[in-house]
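Peer 1: If you read the protein sequences in the order shown, they are chains S and W.
For the first sequence, the tail end lands on 391 under my numbering, and the numbers increase by one without skipping.
For the second sequence, the tail end lands on 1274 under my numbering, and the numbers increase by one without skipping.
No residue lacks a Cβ here, since even glycine has one placed at the ideal position from N, Cα and C.
Sharing a structure with you now.
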Amino acid sequence: MIRFRPDTWWEAAMRPFAMAAPDANIYVEIAAPDVRFAVALFLALAALLWWRRVRWQAAVPILFGLAALAFIPWLITSGNGRYFVPILLIVGPLVGGIIHLLPLTKSFRLFLMGGTFVVQTAVLALNPPWGAWAWLNWEQAPYFHVAMSKFAAERSVTYITVSSISYSLIAPQFPADARWINISSGGATPRDNDWVRRFVANSGRRILVVPSVSEQTLQGQPTAEVRQALDDLLGPHGLALRPSQPCEVLPSRGLAAITTRYSKAELTAQTGKFSFWLCPLQYPVDYRPAQDGPVSVRVESVFAKLEQTCPRFFRPGEAVTRRIKDGGALRQYPGSDMKLYVLADGTVLYKFWRALNPVLIGRIDEILTGSATVQCDNIRGRAGLPWDREI
Amino acid sequence: MGRRADHLATWVVSREWVLIVIAGALALGSIPIALGHIGLSWDGLNHHIYLGWSAEHNRFDNDYLAASYQAYTFPYLYWPVYRLALAGASGITAGIVLAMIHVMAVPAIWLLARTCIPGSSWFDLTMRWLAVALAFMSGVVLSFFDSTANDLSAAIPLLWSVALAFQPWDAHRPRRLRPHRALLLSGFLAGVSVAFKLSNGPIAILLPLVWIAQPGTLRDRLSLVLQACVLSAVGFAACYGYWGVQLWTHFGNPIYPFYDSWFEPVRALAGWSR
């Protein structure tokens, strides 16, 4: 995952200043502007300029060195602020320590320290961190409401989830002898897909657990389109919804709270619309994807050429080609949050997840002949420092 | 008046760590109370509660990837939030309990502040308290007081490790905390922090640079670094060992699913198969 790793030396060197920008996805997913590192650098520069007059204490420059050096392994490995928490805390005493040793009056040093605190507080007040991560608020018990299933009385039940969020937080509310698997995972190691296959094969009664889609519900049950979409997710694992059996509907105030987080009145009104579907599954089934024929060699060549051009963003071997609805094809690169599209009309585009729109690269022929290509150093939505970026 | 103020400053300094922990507990514990809840994030829905569950009840024989691959990260720090959730606690109660766990970071930050800002005057005292307060004025850090995430609690041993590594320069260090002892404890806690969260590793590997910067002969310092590194390994093994053995037993990789191919020869050598 290179989401927060700098693309250039300049971006790496400027990270302490970039962290002060009030944008999300600079060094962590949320907007968490932090002026303290920039302040620490300016103060350290001031201390160096007053080298002879500073009342040096060994601990302060060593702590500064530790914090500065920590940026190197951090930026090499992730650049993610959640993995930099110790340094995010240490910078407080560091700033205080540098100010304390400056050859200034006590009043002015207190002014500098208080000023830094006030400025950082003001920055946070303008970008409050509360609710930044939350999908829903845990207010009263239970932590996440879901009604109990009739399957809970049965033994040897395997609950299968297919959504990218596993919703495993409801699992402890079910009987402890139930088995759980998220089949949208797998593939991190070459052995995992086989383990998923064996787990599914050796399961008892198989029940799909999936959050309902309120707009795609018919008398509480998934519509035909939703059933088809679920079968497309289940099929590669030899699973399918049992056509003759309805899904059990488990009302969930927890799910409702996700969509109505900002309005208690709405939560009350909408609660009945949100539920988990528990759908009996059949196994094994012979799955044949309802897709067009294989992707043409020319389209695959476009993907290969672009992967060769920008391996950092389109890592060879990371993505598989999938058909999209217009008859074109898509490769998705989760490690770099990128997508490559080759549309049915021959247009080739890429999209970085933070960009508003896909970016046109060119047409198939232009890419194969080399007359059009991706500017690897100018990925829209990603390239440059926060104040330079275009979305 | 001046004498009385000095007397009060001396009184505060002599009880400073207790006072700052109380102040920290009040300030940080008030966040979930003021919010009236804590948040459940994508990760909260996906794996925080499940991990606490699997910390208490071994789920290896029942489940596979139940919380995707996050199901195999070190689970024990999520046990408190799982217990609170299943016990029927409100979000505020859970938030206060988690905040009190996070308060363990406060004295470590204060120790560092005392090392960098020594002195017992009102000026020194104010600078130190502002430094500790400034430490927590991070959007990322504060966001964890409205969350079930363990990033802050996993950072606590590393903070203590850093604070102890700087103890030899602390003018107010208690006599019983000898530099040698402080550095060995620093080493142990560095290992614990990596066990808590592998992503602490890239910061923890820098600590030998601090250990070797201590006053003393080069020979003594090298010996100290070696001992601290050994204790880091001990701390890691003591903390991560049980979970690592579980992962090895079930997946043939103690840090599954990371670096799986690296363990291929070890699996072959040990005759591991599944």
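1) Provide the residue(s) that pair with Arg1015 of chain W in DSSP beta bridges, ordered along the chain.
2) Taking the alpha carbon of Gly1216 of chain W as the point to measure from, which residue in W:Leu1134, W:Phe1188, W:Pro1179 and W:Gly1187 has its own alpha carbon closest?
3) Note down the Cα distance separating Ala1135 of chain W from Val91 of chain S, rounded to an integer number of angstroms.
4) Assuming the contact rule is C-beta atoms closer than 8 Å, Val28 of chain S and Arg82 of chain S should be a hit. Round their C-beta distance to whole Å, please.
5) For Trp1042 of chain W, return the contacting residues in chain S, with the cut-off set at a CB-CB distance below 7 Å.
6) Are the CB atoms of Pro386 of chain S and Ala21 of chain S within a distance shorter than 9 Å?
7) Taking only the alpha-carbon atoms, compute the straight-line gap between Pro103 of chain S and Met113 of chain S and give it to the nearest angstrom.
8) Residues of chain S with CB closer than 8 Å to the CB of Asp1146 of chain W, please, in chain order.
9) In the DSSP assignment, the beta strand (DSSP E) including Gln279 of chain S goes from what residue to what residue?
10) Threshold first: 3 residues or longer. Then list the beta strand (DSSP E) segments lying entirely within the stretch 1097-1134 of chain W, N to C.
11) At a cut of 8 Å, does the stretch 1099-1115 of chain W reach the stretch 1156-1170 of chain W through at least three beta carbon pairs?
12) Mapping DSSP to helix, strand and coil, what is Leu349 of chain S?
13) Taking a contact to mean a Cβ-Cβ separation below 9 Å, would you say Arg354 of chain S touches Leu340 of chain S in this structure?
14) Taking 8 Å as the threshold, find out whether the stretch 113-129 of chain S comes into contact with the stretch 138-155 of chain S through three or more Cβ pairs.
15) DSSP on Asn1062 of chain W, reduced to helix/strand/coil?
16) Let me check understanding here. Comparing Cα to Cα, which of S:Val35, S:Arg36 and S:Val60 lies closest to Ala47 of chain S?
17) Ala32 of chain S and Pro93 of chain S - do their beta-carbons sit closer together than 9 Å?
18) Output needed in chain order: residues of the stretch 181-193 of chain S with a Cβ under 9 Å from some Cβ in chain W.
19) Closest Cβ-Cβ distance between Phe1060 of chain W and chain S: below 9 Å?
20) At a CB-CB cut-off below 8 Å, which residues of chain S make contact with Tyr1069 of chain W?
21) Check the Cβ-Cβ distances between Leu1035 of chain W and every residue of chain S, and say whether any is below 9 Å.
22) Which residues, in chain order, does the stretch 32-52 of chain S contribute to contact with chain W at a C-beta distance below 9 Å?
23) Taking contact to mean at least 3 C-beta pairs separated by less than 8 Å, is the stretch 309-319 of chain S in contact with the stretch 226-240 of chain S?
24) Label Trp1042 of chain W either buried or exposed according to how many other C-beta atoms from any shown protein chain fall within 10 Å of its C-beta, with 16 as the threshold for buried.
25) Please state whether DSSP places Tyr143 of chain S in a helix, a strand or coil.
26) Can you tell me whether Gln1070 of chain W is helix, strand or coil according to DSSP?
27) Buried or exposed for Asp337 of chain S, going by 16 or more other Cβ atoms inside 10 Å?
28) With a 10 Å radius around its C-beta and 16 neighbouring C-beta atoms as the bar for buried, classify Tyr1242 of chain W as buried or exposed.
29) According to DSSP, is Asn1200 of chain W helix, strand or coil?
30) Quick one, which of W:Ile1212, W:Gln1227 and W:Cys1229 has its alpha-carbon nearest Arg1221 of chain W's?
31) I'd like to confirm the pairing. Which residues does DSSP put opposite Gln375 of chain S in its beta bridges?
32) Roughly how many whole angstroms lie between the Cα atoms of Gly238 of chain S and Glu154 of chain S?
33) Quick one: measure Cβ to Cβ for Thr1148 of chain W and Gly1044 of chain W, integer angstroms, because I've assumed they're closer than 8 Å.
34) Check the DSSP bridge columns for Tyr159 of chain S and list the partner residues they point to.
Peer 2: Concretely, from the data shown:
1) The partner list for Arg1015 of chain W (beta bridge, DSSP) is empty, contrary to what the question assumes.
2) W:Pro1179
3) 6 Å
4) A Cβ-Cβ distance of about 6 Å is found for the pair Val28 of chain S and Arg82 of chain S, placing them in contact under the 8 Å criterion.
5) Trp135 and Ile165
6) yes
7) 14 Å
8) Pro129, Trp130, Gly131, Ala132, Trp133 and Ala134
9) The identity of residue 279 of chain S in the sequence shown is Cys, whereas the question assumes Gln. Its beta strand (DSSP E) spans residues Ser275 to Gln282.
10) none
11) Contact between the stretch 1099-1115 of chain W and the stretch 1156-1170 of chain W is present, with at least three C-beta pairs closer than 8 Å.
12) strand
13) no
14) no
15) coil
16) Comparing Cα positions, the closest option is S:Val60.
17) No, the pair does not count as a contact, with Cβ atoms beyond the cut-off.
18) Ile181, Asn182, Ile183, Ser184, Ser185, Gly186, Ala188, Thr189, Pro190, Arg191 and Asp192
19) Taking Cβ atoms only, chain S never reaches closer than 9 Å to Phe1060 of chain W, which makes this a no.
20) Ser185 and Ala188
21) yes
22) Answer set for the stretch 32-52 of chain S: Ala32, Pro33, Asp34 and Arg36.
23) Per the Cβ contact rule, the stretch 309-319 of chain S is not in contact with the stretch 226-240 of chain S (fewer than 3 Cβ pairs under 8 Å).
24) By the neighbour-count rule (16 or more Cβ atoms within 10 Å), Trp1042 of chain W is not buried but exposed.
25) coil
26) helix
27) A residue is called buried once 16 or more other Cβ atoms fall within 10 Å of its Cβ, and Asp337 of chain S is buried on that count.
28) exposed
29) helix
30) Selected option, being the one with the closest Cα: W:Ile1212.
31) None; Gln375 of chain S has no bridge partner.
32) Looking at the backbone, the Cα of Gly238 of chain S and that of Glu154 of chain S are separated by about 23 Å.
33) About 5 Å separates the beta carbons of Thr1148 of chain W and Gly1044 of chain W, which is inside the 8 Å limit, making them a contact pair.
34) S:Trp180 and S:Ile207
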